[in-house]
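S.K.: Sequential numbering of the sequence shown, starting at 1, is according to my numbering.
Ideal Cβ positions, reconstructed from N, Cα and C, are used throughout, including at glycine.
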Amino acid sequence: DTLRRAGISLVEIERFPKQVSVTIWTARPGIVIGRKGASVKMLRKELEEMTGKRVSVDVQEIAQPELDAKLVAENIIAQLERRISHGRAMKRAVQAAMRAGAQGIKVVCKGRLSGAEMARKAWQRDGRVPLHTLRADIDYAQEEALTSYGRIGVKVWIYKGEVLPEAREGGEPFIT
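#1: Assess contact between the segment 58–69 and the segment 18–34, defined as three or more Cβ pairs (one per stretch) separated by less than 8 angstroms. Is contact present?
#2: Pick from G52, H86 and I84: whose alpha carbon is nearest that of P17?
#3: Could you check which residue in G101, E81, M98 and A69 has the C-alpha nearest to that of A141?
#4: Compute the Euclidean distance between the alpha carbons of M98 and V156, then round it to the nearest angstrom.
#5: Scan the segment 128–165 and note each continuous beta strand (DSSP E) run of 3 residues or more that stays entirely inside, going in chain order.
#6: Helix, strand or coil, according to DSSP, for Q124 in the structure here?
#7: Which stretch, first to last residue, makes up the alpha helix (DSSP H) that contains G101?
#8: Any idea if I13 is buried or exposed, counting beta-carbon neighbours within 10 angstroms, 16 or more meaning buried?
#9: Taking 8 angstroms as the CB-CB limit, is M118 close to chain C?
#10: Looking only at DSSP bridge pairs, what is H110 linked to?
#11: So what's I33 in DSSP terms, helix, strand or just coil?
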């Protein structure tokens with residue numbers, strides 16, 4: 001339950017014959033690590049009991065949480081559950097992402113917005129979000145807010161630029 005507030009975006013698990021390597025990507029590494037590494041030690045112990053193998057836990061910090069779609073979606077959900085207006089929550093997220101250096105962001109909220117009797121969809125976009133471009137570096141996440149009126153779905157797309165194909169070892173450029 002304490003890890004829920006840590007802003008965990010991604011957990012990578014690598015399995016080897018005698019050990020398991022777990023990498024946790026988080027916005028707040030201090031909460032995951034705990035005082036003097038107490039939380040990490042407890043987590044490692046629980047995982048070792050569960051798997052029966054040696055477990056190494058590595059905590060990585062996300063430098064710019066405003067550019068991580070999962071963290072942006074969780075932030076919007078937290079605001080919706082605290083009864084903050086969906087429009088204001090989306091607008092804040094879009095502005096923060098663009099200030100942090102995103103080339104584009106799109107946020108969609110669907111459901112009984114503001115407790116309306118009929119569900120609807122509200123969206124906000126800034127910059128460009130080329131979903132059909134294969135080499136576009138787009139981070140996507142979807143989450144659900146549990147409000148007293150029901151569930152509200154939140155989807156976030158963040159465009160960070162194009163991923164250019166790297167040159168091959170021989171020095172010749174990679175042609176698609």
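M.R.: Taking the structure as given:
#1: By the Cβ test, the segment 58–69 is in contact with the segment 18–34, since at least three Cβ pairs between them sit closer than 8 angstroms.
#2: Nearest of G52, H86 and I84 to P17, Cα basis: G52.
#3: Considering only alpha carbons, the answer is A69.
#4: Roughly 13 angstroms separates the two Cα atoms.
#5: Counting whole runs of 3 or more residues, the segment 128–165 contains the beta strand (DSSP E) stretches 136–147 and 150–162.
#6: Correct three-state label for Q124: strand.
#7: For G101, there is no enclosing alpha helix (DSSP H), since its DSSP letter is neither H nor E.
#8: Burial call: exposed.
#9: The chain inventory of the structure shown lacks chain C, comprising one protein chain alone.
#10: In the sequence under discussion, the amino acid at residue 110 is Lys, which differs from the His named in the question. Its beta-bridge partners are K121 and G153.
#11: Annotated three-state conformation of I33 is helix, per DSSP.
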